[in-house]
Amino acid sequence: MSTTPSTDEMASDDELDSALITARRQLERAATHVDVDPGVVERLKHPTRVQQVSVPLERDDGSVEVFTGYRAQHDDVRGPYKGGLRYHPEVTAEECIGLSMWMTWKCAVLDLPFGGGKGGIAVDPKSLSDDETERLTRRFAEELRNMVGPTKDVPAPDMGTDAQTMAWFMDAYSMQQGETIPGVVTGKPPVIGGSYGREEAPGRSTAIIAREAVDHYDRDLSNTTVAVQGFGSVGANAARLLEDWGATVVAVSDVNGAIYDPGGIDVDAIPSHDEEPEAVTSYATELADGDSARRLSNADLLELDVDVLIPAAVGNVITADNADAIAADIVVEGANGPTTFAADAILEERDIPVVPDILANAGGVTVSYFEWLQDINRRQWTLERVNRELEEHMLDAWTDVRAEVEDGGLTWRDAAYVVALSRVAEAKETRGLWP
Ligand code: NAD
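Quick note: the sequence shown, position 401, residue 1684 per this note's numbering, numbers continuous.
As structure tokens, then:
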């Protein structure tokens, strides 16, 4: 059965895809490939609940400001809700619902015993001092206290939040509950129950999936060129691992632009976003005249004729406007939602495989699952064990999705959604609808 959207849908993406629109479209598409009770699909279009809270903050100057926070819980049929808390001025209830739906599919495609959640506060984190961020986080934890917990809903870092934010959240929750409960959040510093390898995990999983995709299309990693947009947690880690494994990374970028060297870039020599923000372009300015490397725009990076393109910066970068110009043979989504629905259809027409975000960057939530297990068992794993088990989980998920591609003739994205929806729907049908 063809899954190509109608010409109207393909024509443009003037209104760039919102997380909720994309999540609903993907659910409807996946449902056409799975023998699933329409009542289950109907239930999955709606989140279980969305909590909106007011989060008052006493600023450092003594004034009081009230921010709005949210937590969307999409579905918990397979286990506690799981997903990030973001601090960003544009956080809305609708965005949280859409992203919580994505988390349901991401957890299910990796066969993790979690459902999808997402939340955050509509605030510019750069406008807050460290003390203000701590007070805001502690109050937010208190406002969400009744809905979170290791067996209910387990938040994690996301845009604008980090391991320290999770430490404050966990401390506030634990103080109120009267005991230390590290499993209420993941992405904590290892000293208080965080997992080794968590920070690197989404980039590592993206690299593993890119490596498997290269192999699937009968190529040799040592003859593979790679372009990576974004040199942060996901992009830098993916680029470094792929280079370690023999690939030639020919282009990387940060928000200010890209650097391209057909002979290969020494990605270990460039600090990642976390090590030194926006260092790619400052590295580029140090290039000598005779160097084969040159600067490019982020738009040009996306159109390079490479074997593998990894958009690993932000969403909606491959659109109806540039999908015809994508010259890579394989796209592996490191970022969340880098390809719009319209662009996806164009790439499908052009036979360019796109391996989706919910599979490729799911290493983050997978190591979060490992962290949750370590917290419950009060036993920390070594980095070697984390990476070994991550590799196993990613390969299992890859095999499950590949089977749908090969047997059902589906795109990688549809195949991943089919795997995820089948698991969630089967759990829902088996448990039934109560009352
Ligand atoms: P990060 O902040 O560590 O790095 C982002 C990088 O992208 C930086 O190099 C930045 O300069 C660059 N960038 C920002 N805006 C850009 C733009 N408009 N064009 C080109 N480059 C731009 O972020 P990250 O944690 O690596 O996340 C990247 C993407 O991966 C996001 O979509 C995020 O949602 C997704 N993701 C992250 C994780 C995680 O745990 N870190 C997990 C899954 C998915």
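Glycine included, each C-beta is placed from N, C-alpha and C at the ideal position.
Once the 5 residues before and after residue i are set aside, which same chain residues still bring their CB inside 6 Å of it?
i: proline 1438; result: Leu1368 and Val1468
i: alanine 1274; result: The chain is shown only over 1284 to 1718; residue 1274 falls outside these bounds and no answer can be derived.
i: methionine 1284; result: Low confidence applies to methionine 1284: its pLDDT is 35, below 50, so where it sits in the model is not reliable enough to give any reading.
i: aspartate 1658; result: Pro1465, Gly1466 and Gly1476
i: valine 1336; result: Gly1352 and Glu1426
i: alanine 1294; result: Here the model assigns alanine 1294 a pLDDT of 41, short of 50, so the residue's position is not dependable, and the following value carries that caveat. There are no such residues.
i: valine 1349; result: Ser1337 and Pro1339
i: glutamate 1378; result: Ala1302
i: proline 1718; result: none
For residue i versus residue j, is the C-beta distance shorter than 8 Å?
i: leucine 1484; j: glycine 1647; result: At residue 1484 the sequence reads alanine, which differs from the leucine that was named. Yes, the pair counts as a contact, with Cβ atoms nearer than the cut-off.
i: valine 1614; j: leucine 1579; result: no
i: leucine 1642; j: valine 1392; result: yes
i: leucine 1678; j: serine 1488; result: no
i: glycine 1366; j: serine 1383; result: yes
i: aspartate 1343; j: aspartate 1414; result: yes
i: aspartate 1320; j: valine 1707; result: no
i: threonine 1622; j: glutamate 1631; result: no
i: valine 1533; j: threonine 1507; result: no
i: leucine 1585; j: proline 1594; result: yes
i: alanine 1618; j: valine 1517; result: yes
i: aspartate 1612; j: isoleucine 1629; result: no
i: alanine 1725; j: alanine 1493; result: The structure shown has nothing for residue 1725, since the chain only spans 1284 to 1718.
i: aspartate 1557; j: glycine 1515; result: yes
i: glycine 1399; j: threonine 1416; result: no
i: valine 1360; j: arginine 1714; result: yes
i: glutamate 1661; j: aspartate 1590; result: Just to set this straight, residue 1661 is arginine in the shown sequence, not glutamate. No, they are not a contact pair.
i: aspartate 1583; j: alanine 1541; result: yes
i: valine 1701; j: glutamate 1712; result: no
Can you give me the start and stop residues for the alpha helix (DSSP H) that residue i sits inside?
i: tyrosine 1271; result: What is shown of the chain runs 1284 to 1718, which leaves residue 1271 out entirely.
i: glutamine 1309; result: 1302 to 1314
i: histidine 1499; result: 1484 to 1499
i: threonine 1682; result: 1666 to 1691
i: threonine 1387; result: 1376 to 1392
i: arginine 1326; result: 1321 to 1327
The beta strand (DSSP E) spanning residue i covers which residue range?
i: valine 1532; result: 1531 to 1537
i: serine 1337; result: 1332 to 1341
i: phenylalanine 1350; result: 1347 to 1358
i: valine 1614; result: 1613 to 1615
i: threonine 1508; result: 1508 to 1512
i: alanine 1439; result: 1436 to 1440
Among the options, which has the Cα closest to the Cα of residue i?
i: glycine 1546; options: Ser1516, Ala1521, Arg1577 and Ala1603; result: Arg1577
i: proline 1408; options: Arg1418, Gly1400 and Lys1389; result: Arg1418
i: glutamate 1373; options: Ala1314, Cys1390, Ser1565 and Ala1302; result: Ala1302
i: histidine 1676; options: Ala1376, Arg1326, Ile1491 and Leu1716; result: Ile1491
i: aspartate 1640; options: Ala1710, Trp1681, Gln1447 and Gly1715; result: Trp1681
i: phenylalanine 1397; options: Ala1703, Ala1628, Ala1608 and Val1688; result: Ala1703
i: glutamate 1325; options: Arg1307, Leu1340, Pro1339 and Val1336; result: Arg1307
i: asparagine 1670; options: Ser1337, Phe1350 and Arg1481; result: Arg1481
i: proline 1636; options: Glu1689, Trp1664 and Gly1540; result: Glu1689
i: alanine 1596; options: Gly1715, Asp1549, Gly1486 and Asp1300; result: Gly1486
i: lysine 1401; options: Thr1420, Ser1410, Phe1423 and Ala1376; result: Ala1376
i: tyrosine 1456; options: Arg1421, Arg1502 and Asp1544; result: Arg1421
i: glutamate 1667; options: Tyr1479, Asp1300, Asp1551 and Glu1709; result: Tyr1479
i: serine 1410; options: Leu1340, Met1458, Gln1459 and Glu1526; result: Leu1340
i: glutamine 1460; options: Glu1495, Met1449, Thr1448 and Ala1424; result: Ala1424
i: isoleucine 1304; options: Gly1345, Pro1330 and Gly1381; result: Gly1381
i: histidine 1329; options: Val1347, Gly1345 and Leu1310; result: Leu1310
i: leucine 1525; options: Val1701, Ile1542 and Ile1548; result: Ile1548
i: aspartate 1634; options: Tyr1500, Val1600 and Trp1664; result: Tyr1500
Assuming the contact rule is C-beta atoms closer than 8 Å, residue i and residue j should be a hit. Round their C-beta distance to whole Å, please.
i: proline 1553; j: valine 1563; result: Checking the sequence shown, residue 1553 turns out to be isoleucine, not proline. Sure, about 6 Å apart at Cβ, within 8 Å.
i: serine 1555; j: alanine 1519; result: 3 Å
i: glutamine 1334; j: methionine 1453; result: Glutamine 1334 to methionine 1453, Cβ: 19 Å. No contact.
i: asparagine 1605; j: serine 1536; result: Going by Cβ atoms, the distance from asparagine 1605 to serine 1536 rounds to 15 Å, so no, they are not a contact pair.
i: tryptophan 1655; j: proline 1473; result: Contact doesn't hold; Cβ gap of about 14 Å is too wide.
i: glycine 1470; j: alanine 1446; result: 6 Å
i: alanine 1610; j: alanine 1626; result: With a Cβ gap of about 14 Å, alanine 1610 and alanine 1626 do not count as contacting.
Near residue i, which residues of its chain fall below 7 Å by C-beta distance, leaving aside the five closest residues on each side in sequence?
i: glycine 1443; result: Arg1369, Tyr1370, His1371 and Pro1408
i: serine 1505; result: Gly1529
i: glycine 1598; result: Ala1618, Asn1619, Gly1620 and Pro1621
i: leucine 1395; result: Val1648, Thr1649 and Tyr1652
i: arginine 1332; result: Gln1356
i: aspartate 1551; result: Arg1523
i: lysine 1389; result: Ile1641, Ala1645 and Val1648
8 Å is my cut-off, CB to CB: does residue i come that close to chain B?
i: lysine 1328; result: Annotation note: the requested chain B is absent from the structure, which comprises a single protein chain.
Return yes when at least one heavy atom of the ligand GDP lies under 7 Å from the C-beta of residue i, else no.
i: phenylalanine 1514; result: Absence of the ligand GDP from the depicted structure is noted, with the ligand NAD being the only ligands included.
Only counting the same chain, and skipping five residues up and downstream in sequence, which positions put a Cβ closer than 8 Å to that of residue i?
i: threonine 1286; result: The predicted model places threonine 1286 with a pLDDT of 39, which falls under 50 and marks its position as unreliable; any figure quoted below should be read in that light. So the qualifying residues of the chain are Arg1312, Thr1315, His1316, Glu1631, Leu1693, Thr1694 and Asp1697.
i: leucine 1716; result: Gly1322 and Arg1326
i: serine 1705; result: Val1317 and Val1319
i: aspartate 1297; result: Residue placement at aspartate 1297 is flagged as unreliable, the pLDDT there being 47, under the threshold of 50; a coordinate-derived value is accordingly withheld.
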